[in-house]
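K.L.:
Just so you know, the sequence shown maps onto residues 2 to 183 in my numbering.
Glycine residues also receive a C-beta, built at the ideal position from the N, C-alpha and C atoms.
Every value quoted in this text rests on a predicted model; they were computed, and no experiment measured them.
Below is a structure I'd like to ask you about.
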Amino acid sequence: MSTFALNLAFAAVLAVTSMAGLALALVPRRRVEVGGSRRGQVPGVVATAAVLLMLVWGVSVAYMTLRTGTGLGVRLNLLPLLFDGRGSAVDAVLNVFVFVPLGLLAAAAGLRFRALLPGALAVTLSIEITQYVMDAGRTADVNDLITNTAGACLGWAIGALVLRARRPASPHPALASAGAGA
Numbered sequence: 002m003s004t005f006a007l008n009l010a011f012a013a014v015l016a017v018t019s020m021a022g023l024a025l026a027l028v029p030r031r032r033v034e035v036g037g038s039r040r041g042q043v044p045g046v047v048a049t050a051a052v053l054l055m056l057v058w059g060v061s062v063a064y065m066t067l068r069t070g071t072g073l074g075v076r077l078n079l080l081p082l083l084f085d086g087r088g089s090a091v092d093a094v095l096n097v098f099v100f101v102p103l104g105l106l107a108a109a110a111g112l113r114f115r116a117l118l119p120g121a122l123a124v125t126l127s128i129e130i131t132q133y134v135m136d137a138g139r140t141a142d143v144n145d146l147i148t149n150t151a152g153a154c155l156g157w158a159i160g161a162l163v164l165r166a167r168r169p170a171s172p173h174p175a176l177a178s179a180g181a182g183a
């Protein structure tokens with residue numbers, strides 16, 4: 002398969018997993034009492050679908066990031082936010098978008114931000130360490146660590162906004178109890 006076809010297939014996986022994450026975030030949640038606050042409970046089928054889509058996303062990201070590279074450039078970059086040219090800046094933006102589906106799917110699955118952040122950081126750190134150790138013509142780059150993690154956080158924030166926007170407004174507790182006695 003040509004590089005163009007692989008890149009196109011990868012873009013399709015990113016688009017499909019992103020759209021699926023948004024769609025899963027729109028599935029109604031059952032409201033339950035958890036520790037004194039009402040939260041939406043994620044239906045099992047939504048959580049299962051989100052996890053399966055995360056696996057599809059993860060396999061495609063692993064394949065695209067761990068295959069043999071061009072061998073051009075440095076092997077290790079530890080200087081954060083130092084972009085050497087337009088291509089490097091474009092690569093940074095693309096890296097953000099590669100991890101957006103992970104955040105969307107995590108939000109749809111009901112993961113909290115405090116679970117997403119270390120998870121996304123661990124995934125991207127694993128990729129960068131593997132690229133460095135494999136020495137297969139790829140650059141292990143601290144900028145990738147930053148942009149990939151930022152992409153997952155952006156995806157989670159979008160997913161959380163979708164969840165919040167579709168949530169029915171709940172009345173103030175004092176108003177709800179006053180209306181119950183009438």
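What does DSSP give as the partner residue(s) for R167 in the beta ladder?
P.N.:
None; R167 has no bridge partner.
K.L.:
If N78 and N144 are in contact, beta carbons under 8 Å, what's the gap, nearest whole angstrom?
P.N.:
Between N144 and N78 the Cβ distance is about 7 Å, and since that is below 8 Å, they are a contact.
K.L.:
Compute the Euclidean distance between the alpha carbons of L67 and A12, then round it to the nearest angstrom.
P.N.:
Cα to Cα, L67 sits roughly 16 Å from A12.
K.L.:
Just how far apart, CA to CA, sit M20 and P119?
P.N.:
One C-alpha to the other measures close to 24 Å.
K.L.:
Helix or strand or just coil, what does DSSP make of L23?
P.N.:
Here L23 sits in helix by DSSP.
K.L.:
When DSSP labels each residue in this structure, what does D136 get in the three-state scheme?
P.N.:
DSSP places D136 in coil when its eight states are reduced to three.
K.L.:
Could you tell me the boundaries of the alpha helix (DSSP H) in which D92 lies?
P.N.:
Looking at the DSSP string, the run of the alpha helix (DSSP H) that includes D92 is 87-109.
K.L.:
If I measure Cβ to Cβ from A137 and keep anything under 7 Å in the same chain, skipping five residues before and after, which residues do I get?
P.N.:
The answer, listed in chain order, is T69, G70.
K.L.:
Among all the DSSP beta bridges, which residues are the ones paired with A6?
P.N.:
Paired residue(s): none; A6 is not in a bridge.
K.L.:
Are there 16 or more other CB atoms within 10 angstroms of the CB of L25, so buried, or fewer, so exposed?
P.N.:
Its Cβ being crowded by 16 or more others within 10 Å, L25 is buried.
K.L.:
Using alpha carbons as the reference points, say which of G111, C154, V99 lies closest to V17.
P.N.:
For V17, the nearest C-alpha among the options comes from V99.
K.L.:
Is it true that the CB of L164 sits closer than 8 Å to the CB of A121?
P.N.:
It is not a contact, given that the beta carbons lie outside the stated cut-off.
K.L.:
Pair every Cβ in the stretch 81-91 with every Cβ in the stretch 42-50, then say whether three or more of these pairs are closer than 8 Å.
P.N.:
Verdict: no, contact absent.
K.L.:
Leaving out five residues on either side along the sequence, give the residues of the same chain with a beta carbon under 7 Å from the beta carbon of N96.
P.N.:
Taken in chain order, the residues that qualify are D145, T148, N149, G152.
K.L.:
Look at the alpha carbon of A183 and the alpha carbon of L23, and state the distance between them as a whole number of angstroms.
P.N.:
In this prediction, A183 scores a pLDDT of 47, lower than 50, which makes its location untrustworthy; no coordinate-derived value is stated.
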